[in-house]
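The working numbering puts the sequence shown at residues 7 to 229.
Idealized CB from N, CA, C, for every residue including glycine.
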Amino acid sequence: MGLSSFASKPIEEVAAANPNVFFQMYWVGTRDKLLARAERARKAGAKGLIITRDWSFATRRDWGAPPIPERLDLKVMIKFAAEGITRPGWLLAFVRGGGLPDLTTPNLAVDGELAPTFFGAYSEWMGTPLPTWDDVRWLREEWGGPFMVKGIMHPDDARRAVDAGASAISVSNHGGNNLDGTPASIRALPAIAEAVGEQVEVLLDGGRRRGGDVVKALALGRG
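Okay, here's the thing in structure tokens:
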């Protein structure tokens with residue numbers, strides 16, 4: 007399984023529950039911060055690293071984004087009280103798990119820093135220059151273990167990921183998030199699988215709803 011660096015649970019807790027976890031990193035902050043987060047994940051027991059390159063920012067959407075509060079203060083709790091009351095099972099699960107989430111991103115905190123809120127982390131991501139293939143190669147060399155590049159949608163990028171040292175690639179458009187006009191990942195899969203052959207493992211992200219979808223993806227991924 008892959009745990010996002012934007013997840014609400016720290017890598018230490020998740021790795022203790024599932025030793026086969028991979029740490030899915032977003033390119034947020036400086037190289038020093040990126041490396042510190044990767045080393046934290048390694049120390050926690052993460053078996054591999056996933057670098058995410060398929061998350062894009064759009065200035066607007068054709069639909070409204072779901073309301074995500076910055077923090078759970080009294081004003082927010084009152085605002086969402088009706089939704090919580092109508093979902094008692096959901097609320098009880100949080101209580102049994104130790105309480106309501108604090109809406110921070112603990113895996114982005116390094117060197118004793120306080121965990122940033124989701125929007126604080128999002129702002130840092132927006133202010134970070136996009137990674138080059140040299141950046142990807144650098145992180146792969148620093149990590150040294152299993153390394154996946156997520157967000158490949160073109161054969162040329164698949165070849166670049168192989169050249170950068172990736173041991174696996176994920177054909178993904180990030181679920182079409184913010185880019186609702188992008189091609190489906192399964193349409194990009196055959197050409198990508200053909201481009202890389204048996205050099206790396208090829209995974210498909212998104213679009214699977216039933217067993218038939220899995221069979222189609224396996225067939226198309228054989229190149």
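Rounded C-alpha distance that separates residue i from residue j
i	j	result
alanine 121	glycine 227	39 Å
arginine 102	tryptophan 96	10 Å
glycine 229	methionine 132	At glycine 229 the pLDDT is 44, less than 50, meaning the model places this residue with poor confidence; the figure from the coordinates comes in the next sentence. Roughly 36 Å between the two C-alpha positions.
leucine 55	valine 221	27 Å
phenylalanine 5	alanine 47	The displayed coordinates of the chain run from 7 to 229. Any statement about residue 5 would go beyond what the structure contains.
histidine 180	glutamate 148	25 Å
threonine 92	glycine 104	20 Å
aspartate 141	alanine 194	24 Å
methionine 83	tryptophan 144	44 Å
aspartate 38	glutamate 45	11 Å
aspartate 162	leucine 41	27 Å
leucine 78	glycine 90	13 Å
glycine 118	proline 112	11 Å
Close Cβ partners of residue i (< 8 Å) along its chain, the five nearest in sequence each way excluded
i	result
valine 27	Met7, Gly8, Leu9, Ile17, Val20, Ala21, Gly51, Ala52, Lys53
phenylalanine 100	Leu106, Pro107
Pair within 8 Å by beta-carbon distance, residue i and residue j
i	j	result
valine 34	threonine 110	no
arginine 165	valine 202	yes
leucine 114	serine 14	no
isoleucine 74	phenylalanine 124	yes
alanine 172	valine 208	no
valine 168	isoleucine 57	no
isoleucine 198	serine 176	no
alanine 170	tryptophan 139	yes
arginine 215	valine 116	no
alanine 190	leucine 210	no
For residue i, the first and last residue of its enclosing alpha helix (DSSP H)
i	result
alanine 174	Premise fails: alanine 174 lies in the beta strand (DSSP E), 174-177, not in any alpha helix (DSSP H).
Span of the beta strand (DSSP E), counted from its first residue to its last, around residue i
i	result
proline 191	At residue 191 the sequence reads serine, which differs from the proline that was named. Where serine 191 is concerned, there is no enclosing beta strand (DSSP E), although the alpha helix (DSSP H) it sits in stretches over 191-202.
phenylalanine 153	153-158
valine 208	207-210
leucine 55	54-58
7 Å CB neighbourhood of residue i in its chain, flanking five on each side removed
i	result
proline 25	Gly51
tyrosine 32	Ser11, Phe12, Thr58, Trp61, Trp131
Distance between beta carbons of residue j and residue i, contact taken as under 8 Å
i	j	result
glycine 212	serine 178	6 Å
Own chain residues within Cβ distance below 6 Å of residue i, not counting five before or after
i	result
proline 137	Trp33
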